[in-house]
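Counted the way the numbering used here counts, the sequence shown spans residues 145 to 494.
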Amino acid sequence: MAGIAPSLAFTAIDRLICVVFPKIQINRKWLYLGFYTFVCTLIGIIQTKVAFDTANQIGSQPITGTIGDLITAQLGKTFNVPAMIQMFTYKHPCDFLSPVWMVPLFLGPPKLYSIAYPCFHFAIAFERIRSTFLAKRYERMGTQSTVIIIWIIWFLSFGYMMYIIWVAMADPAISTRPQGIVTITTEANANVMLYGTIVSMALVILTALCDWFIFVMNKRLHIFTRNSRTEYNLSLNYQINENTQAMLVIFPIDISFAIIYPIHNVLVILIRAYRSAFTKADFVSYCYWANTPLFLHSLVTVLLYIRFINRSSNITKRRNFVKRKLKEEGKTHFKFLEEQWNRKSAFSTY
Numbered sequence: 145m146a147g148i149a150p151s152l153a154f155t156a157i158d159r160l161i162c163v164v165f166p167k168i169q170i171n172r173k174w175l176y177l178g179f180y181t182f183v184c185t186l187i188g189i190i191q192t193k194v195a196f197d198t199a200n201q202i203g204s205q206p207i208t209g210t211i212g213d214l215i216t217a218q219l220g221k222t223f224n225v226p227a228m229i230q231m232f233t234y235k236h237p238c239d240f241l242s243p244v245w246m247v248p249l250f251l252g253p254p255k256l257y258s259i260a261y262p263c264f265h266f267a268i269a270f271e272r273i274r275s276t277f278l279a280k281r282y283e284r285m286g287t288q289s290t291v292i293i294i295w296i297i298w299f300l301s302f303g304y305m306m307y308i309i310w311v312a313m314a315d316p317a318i319s320t321r322p323q324g325i326v327t328i329t330t331e332a333n334a335n336v337m338l339y340g341t342i343v344s345m346a347l348v349i350l351t352a353l354c355d356w357f358i359f360v361m362n363k364r365l366h367i368f369t370r371n372s373r374t375e376y377n378l379s380l381n382y383q384i385n386e387n388t389q390a391m392l393v394i395f396p397i398d399i400s401f402a403i404i405y406p407i408h409n410v411l412v413i414l415i416r417a418y419r420s421a422f423t424k425a426d427f428v429s430y431c432y433w434a435n436t437p438l439f440l441h442s443l444v445t446v447l448l449y450i451r452f453i454n455r456s457s458n459i460t461k462r463r464n465f466v467k468r469k470l471k472e473e474g475k476t477h478f479k480f481l482e483e484q485w486n487r488k489s490a491f492s493t494y
């Protein structure tokens, strides 16, 4: 509720700015985002101070005052799409309860992500290993195996997500009334989610080991091909260079995720094991705190991907420039040879 009033107030300010300063319309979305984030963060700091003052009066320390809860809760208020929709459509405070259809819509994708993310990273490591030891066959097959692997991963991920949603919707506690604190976990799907977490954690650790194996083998193969003067494998050398470029981004991401993800799961297990000792508000705050490392890792991953894409784009531009320059130099050279040939032919005719 704290982010609603600033949003409505800023909507009026936004309309006024667009009328008075129409040239700002192009960049007003960034103005809105910055202002809204600032106001929500400021309100979160005030709420935190009030929570601490209240806790000091009653002699306890609220978990809602932690830095992790401040970061995740306030960012959640800023970028919470359901809250943004409800903000402009609500007629009664009870409308801010999440309706039944919204629960699987916004809690289903994280379940898909929890399976798809480790599987895709494992598939990348598997493809890199296959391209190293079966270079010629890998290049001959092209993208056929990659497409098959992608379809299998999406099929498994969507199947897992739909099963969790289907079992949750069969529980009257979830499907019959709106929720305040949304959840999709029931007694029927809790074991499946636990097994899915164990499998995904095993995949994450296995992927990190595969990346380390690729990194070590890539170094050895690079030294071998550089010192070998009798044998030269063009396909193998090309795949070694591809591994080098890929591992510059993927290896740090997978290693860090292999460390953060088990820590996150251990924290969640401990929080759920001592759930009876917490209030509902403190339990949710602890969950926010446990999820914070995953959010930070996702942010760093996006930044690394952007850096890698920009670096690859610059390399491609340099290659195209060199090719274009060589092509122009070739044309100039052959034109010079043709002029020399024409002069020689004219001289011999004379």
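All C-beta atoms in this analysis are idealised placements derived from N, C-alpha and C, irrespective of residue type, glycine included.
Going by beta carbons, MET361 and THR276 fall inside the 8 Å limit.
Linking SER319 to ALA332 through their CA atoms gives a straight-line distance of about 14 Å. Close CB contacts of MET345 within its chain, under the 7 Å cut and outside five residues either way in sequence, are with TYR405, PRO406 and ASN409 (chain order).
Between the segment 436 to 448 and the segment 413 to 427 there are fewer than three C-beta pairs closer than 8 Å, too few to call the two in contact.
Our two residues, VAL336 and THR329, have alpha carbons roughly 10 Å apart in a direct line. The beta carbons of ALA260 and ILE297 sit closer together than 8 Å.
In the DSSP annotation of this structure, the continuous segment of the alpha helix (DSSP H) that includes TRP298 starts and ends at 288 to 313. A residue is called buried once 16 or more other Cβ atoms fall within 10 Å of its Cβ, and THR476, having fewer, is exposed. A distance below 7 Å between beta-carbons, with the five flanking residues on each side excluded, links VAL348 to the following residues of its chain, in chain order: PRO262, PHE401, ALA402 and TYR405. For ALA267, the enclosing alpha helix (DSSP H) covers residues 246 to 277.
With a cutoff of 8 Å on beta-carbon distance, GLY340 and MET305 are scored as not near each other.
Spatial neighbours of LEU256 in its own chain (CB-CB distance under 6 Å, excluding positions within 5 residues in sequence) are listed in chain order as SER301 and MET305. The criterion of a C-beta distance shorter than 8 Å is satisfied by PRO322 and SER242.
8 Å or more divides the Cβ of ALA434 from the Cβ of LEU448. In terms of CA proximity to ALA334, ILE308 leads the group LEU353, ALA352, ASP355 and ILE308. Looking at the DSSP output, SER442 shares a beta bridge with no other residue. Here the alpha carbons of THR327 and GLU271 stand approximately 37 Å from one another. Annotation: ASP355 to LEU338 spans about 26 Å, alpha carbon to alpha carbon.
Taking 8 Å as the cut-off, the beta carbon of ALA269 is found closer than this to the beta carbon of ILE358. By the C-beta density criterion, THR436 is buried, having at least 16 other C-beta atoms within 10 angstroms. The straight-line gap separating the alpha-carbon atoms of SER420 and ARG281 is approximately 57 Å. By the neighbour-count definition (other C-beta atoms within 10 Å, threshold 16), ALA314 is an exposed residue. If you ignore the 5 residues before and after PRO396, its C-beta comes within less than 8 Å of the C-beta of LEU448, all in its own chain and listed in chain order. When only Cα atoms are considered, PHE264 and GLU482 end up about 55 Å apart. Within the DSSP bridge table, the entry for SER319 names no partner.
Rounded to the nearest angstrom, the gap between the Cα atoms of VAL311 and VAL244 is 14 Å.
Burial check for PRO248: the Cβ neighbour count within 10 Å reaches 16 or more, so the residue is buried.
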